[in-house]
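Mind the numbering: the sequence shown is residues -21 to -1, 1 to 280 in mature numbering (1 follows the signal peptide of the UniProt record, and there is no 0), read in order.
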Amino acid sequence: MRLLITALVLLALSLAPEARAAIPQRIVATTFPVYQLVRNVARNVPDREVMLMLPAQAGCPHDYALTPQDVNKAASADILVVNGQGLETFLGSLSGLTKKHMRLIDASRDIPDLIVYADAKKDEHGHGGTNPHLFASPRMAAAMTLSIGRQLAKADPANADAYRANAEAYARRLDALADDFAALGKTLKNTRIVTQHGVFDYLARDMGLSVVGVVQAHDTQAPSAADMMRLIKGIREQKAGAIFTEPQYPDKIGATLSRETGVPTATLDPVATGPLSAPLDYYETVMRENLRTLEATLGTE
C-alpha cells in the first residue's frame, strides 16, 4: 500500500505542468466512511462527481478482493481518495491501472496523534503498527475532513474556496459531536469496555475509556475456545462494564460472552458501512445513536 502511494505521488510530481493542471472531474473514494467525508467536502461543487469504489456494505476491507467493477471505478478516477495507514491493502493490485493524471489523496495525511502500537505484532490486521480506523472517531473524522479539504483544494484550484469552506463547516460539526462524546466519557459509571475489534480505539481514547478485551483480534477469524476462555477470565477480572459488538459482524460471540460473564452487550456502529444513497448527515446520525447506546449501557454518575 505504502509503495503504491509513493509510486503514485512520484508519478504525479513527474508529470508535465499542463498535465498537472488538468481539471479533475471524477472523485472516487475507496470505502464508505471516506466516501461520506468526501461527499460533504465536495458538496455543491459544480461538475464534480463523487463515486464510491467498494460496495457500501463491504465494511473494513482488510482482506477484500477487488472485483472488475472496482478496478474500473478506480481506473476512471481523476482523484482517488484513500483512508490510508494500510487499510486498503487491496490497492496493490491496481498498480499500472491508474490514469497518468490521477491525483491520490490520503485522508490520514498530516494528521497527528495516530495510535501506533509499541510492538507491530500487536496490530491485529498487519497495518505496520498504526491503527487505520480514524473514521470511527468524530474527532479524527474531523481531522480527516480538513485533510481532504486541503488536498482537494490543491488538486482542483478553481474550486479551492468551496472545498475549504465545506471542509471547515463539516469539521466543526464533527468536533461538536466529539465534544459530546468526551463530555459523556467524564460521567460514565464504568469506563472499561470490550470491543469487537480495534475499530473503536480512537473513540475510546477520546472518551477516556479503557478497552480491556477484543472479541476478534483478527476480524475474519472467530476466537478459538482458548481465546474465549481468556476473554471470559479477562472480562471478569477487569470488571468490564459492557461488551460492544458491531452490526457488520454476527453477534453470537458477544452474546456468549455476555451469558458467561453477566456483562451486558450492545451494538456500536463504526459507520464502516451504510446505504449508498445515505444523507450527508448519516455519520452524525449513527454516531448520535452510539452516544445514546454508550450512556444507556455503561450508565452515568
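Heads up, the beta-carbon is just placed ideally off N, CA and C, and yes, glycines get one too.
Considering Cα atoms alone, identify which of Leu247, Arg22, Ala275, Val191 is closest to glutamine 227.
As a working mapping, residue 227 is identified with position 248 in the sequence shown. Answer by Cα proximity: Leu247.
Excluding five sequence neighbours on each side, which residues of the same chain lie with their C-beta closer than 8 Å to the C-beta of valine 191?
Start at 1 with the first residue of the sequence shown, and residue 191 comes out as number 212. Arg171, Ile172, Val173, Gly213, Ile214, Gln217, Ala219.
Counting Cβ pairs closer than 8 Å, one from the stretch 181 to 191 and one from the stretch 199 to 210, do we hit at least three?
The answer is no - the stretch 199 to 210 does not touch the stretch 181 to 191, with fewer than three Cβ pairs under 8 Å.
Between the stretch 3 to 18 and the stretch 118 to 128, can you find at least three pairs of beta-carbon atoms closer than 8 Å?
Touching, yes, given that three or more Cβ pairs across the two stretches are closer than 8 Å.
With burial defined as no fewer than 16 other Cβ atoms inside 10 Å of the residue's Cβ, what is the status of lysine 168: buried or exposed?
Taking the first residue of the sequence shown as position 1, residue 168 is located at position 189. When all chains shown are included, lysine 168 counts as exposed.
Run through DSSP, which three-state label would histidine 104 get?
Position 125 of the sequence shown, counting from 1, holds the residue named residue 104. At histidine 104, the pLDDT of 42 sits below 50, so the modelled position is not reliable; the number obtained from the coordinates is stated separately. Three-state result, histidine 104: coil.
Given that a residue counts as buried once 16 or more other Cβ atoms are within 10 Å of its Cβ, and exposed if not, what is glycine 87?
Translated into positions along the sequence shown, residue 87 becomes position 108. It should be pointed out that residue 87 corresponds to serine in this sequence rather than to glycine. Per the 10 Å Cβ criterion, buried.
Excluding the five sequence neighbours on either side, which residues of its own chain have a C-beta within less than 6 Å of the C-beta of valine 178, listed in chain order?
Against the sequence shown, residue 178 aligns to sequence position 199. Cβ neighbours of valine 178 beyond the five flanking positions: His112, Ala115, Pro249.
Report the CB separation of alanine 157 from proline 117 in whole angstroms; it is logged as a contact under 8 Å.
Numbered from 1 along the sequence shown, position 178 holds the residue referred to as residue 157. Numbered from 1 along the sequence shown, position 138 holds the residue referred to as residue 117. 4 Å between Cβ atoms; contact.
Suppose you measure from the CA of isoleucine 58 to the CA of aspartate 154; what does that come to, to the nearest Å?
One-based indexing of the sequence shown puts residue 58 at position 79. One-based indexing of the sequence shown puts residue 154 at position 175. Using only the alpha carbons, I get a separation of about 26 Å.
Whole angstroms are fine: how far does the CA of alanine 148 sit from the CA of leucine 273?
One-based indexing of the sequence shown puts residue 273 at position 294. One-based indexing of the sequence shown puts residue 148 at position 169. About 27 Å.
Please report how far the alpha carbon of arginine 143 lies from the alpha carbon of alanine 137, in whole angstroms.
The count along the sequence shown starts at 1 and reaches residue 143 at position 164. The count along the sequence shown starts at 1 and reaches residue 137 at position 158. Each residue's Cα considered, the two are about 12 Å apart.
In three-state DSSP terms, what is arginine 5?
Translated into the one-based positions of the sequence shown, residue 5 becomes position 26. The answer is strand: DSSP assigns arginine 5 an E or B state.
I need the straight-line Cα distance from threonine 264 to threonine 276, nearest angstrom please.
For the purposes of this step, residue 264 is taken as residue 285 along the sequence shown, with counting starting at 1. For the purposes of this step, residue 276 is taken as residue 297 along the sequence shown, with counting starting at 1. Answer to the nearest angstrom: the Cα atoms are 19 Å apart.
What's the gap between the Cα of isoleucine 90 and the Cα of alanine 221?
Position 111 of the sequence shown, counting from 1, holds the residue named residue 90. Position 242 of the sequence shown, counting from 1, holds the residue named residue 221. Approximately 30 Å between the Cα atoms of the pair.
Please check the pair aspartate 159 and leucine 270, which I expect to be a contact at CB under 8 Å, by giving their CB distance rounded to whole angstroms.
Taking the first residue of the sequence shown as 1, we reach residue 159 at position 180. Taking the first residue of the sequence shown as 1, we reach residue 270 at position 291. Confirmed, Cβ separation roughly 6 Å.
For glycine 241, count neighbouring Cβ atoms within 10 angstroms of its own Cβ and tell me buried if that reaches 16, exposed if not.
Taking the sequence shown and counting its residues from 1, one reaches residue 241 at position 262. Result: exposed.
Going by C-alpha distance, which of Met119, His176, Ile232 is nearest alanine 161?
Position 182 of the sequence shown holds residue 161. Of the candidates Met119, His176, Ile232, the one whose C-alpha sits nearest the C-alpha of alanine 161 is Met119.
When we look at the beta-carbon of serine 256 and count the other beta-carbons within 10 Å, is it buried (16 or more) or exposed?
Numbered from 1 along the sequence shown, position 277 holds the residue referred to as residue 256. Answer is exposed; the Cβ neighbour count stays below 16.
May I ask which residues mark the beginning and end of the beta strand (DSSP E) holding aspartate 85?
Taking the first residue of the sequence shown as position 1, residue 85 is located at position 106. Run containing aspartate 85: 82 to 85, per the beta strand (DSSP E) assignment.
Report the three-state DSSP secondary structure of glutamate 274 (helix, strand or coil).
In the sequence shown, residue 274 corresponds to position 295, counting from 1. Note: glutamate 274 maps to helix in three-state DSSP.
Within its chain, find whatever has a CB closer than 8 Å to the CB of lysine 231; leave out the 5 residues flanking it on each side and keep chain order.
Along the sequence shown, one-based indexing puts residue 231 at 252. Excluding sequence neighbours, lysine 231 sits near nothing in its chain.
Quick check on the DSSP output: what are the complete alpha helix (DSSP H) runs of length 4 or more inside the stretch 135 to 171, in order along the chain?
Qualifying alpha helix (DSSP H) stretches, in chain order: 139 to 164.
Assign glycine 241 to one of three DSSP states: helix, strand, or coil.
Within the sequence shown, numbered from 1, the residue matching residue 241 stands at position 262. Looking at glycine 241 - three-state DSSP - the assignment turns out to be coil, as it is neither helix nor strand.
Alpha carbon to alpha carbon, how far is leucine 66 from aspartate 102? Give it in angstroms, no decimals.
What you label residue 102 is simply residue 123 of the sequence shown in a count that begins at 1. What you label residue 66 is simply residue 87 of the sequence shown in a count that begins at 1. A caution first: aspartate 102 carries a pLDDT of 44, below 50, which makes its placement in the model unreliable, though a value can still be read off. C-alpha separation (whole angstroms): 12 Å.
Short check: CB of isoleucine 84 to CB of valine 61, under 9 Å?
For the purposes of this step, residue 84 is taken as residue 105 along the sequence shown, with counting starting at 1. For the purposes of this step, residue 61 is taken as residue 82 along the sequence shown, with counting starting at 1. Yes, they are a contact pair.
Mind checking who serine 55 pairs with in its DSSP beta bridge?
Counting from one through the sequence shown, the residue named residue 55 turns up at place 76. For serine 55, which the question treats as bridged, DSSP gives no partner whatsoever.
Following the continuous beta strand (DSSP E) through glycine 192, name the residue where it begins and the one where it ends.
The residue you call residue 192 lines up with position 213 of the sequence shown. That run of the beta strand (DSSP E) goes 189 to 193.
My output table needs one value for methionine 30: the three-state DSSP class, helix, strand or coil.
Residue mapping note: residue 30 aligns to position 51 of the sequence shown, counting from 1. Note: methionine 30 maps to strand in three-state DSSP.
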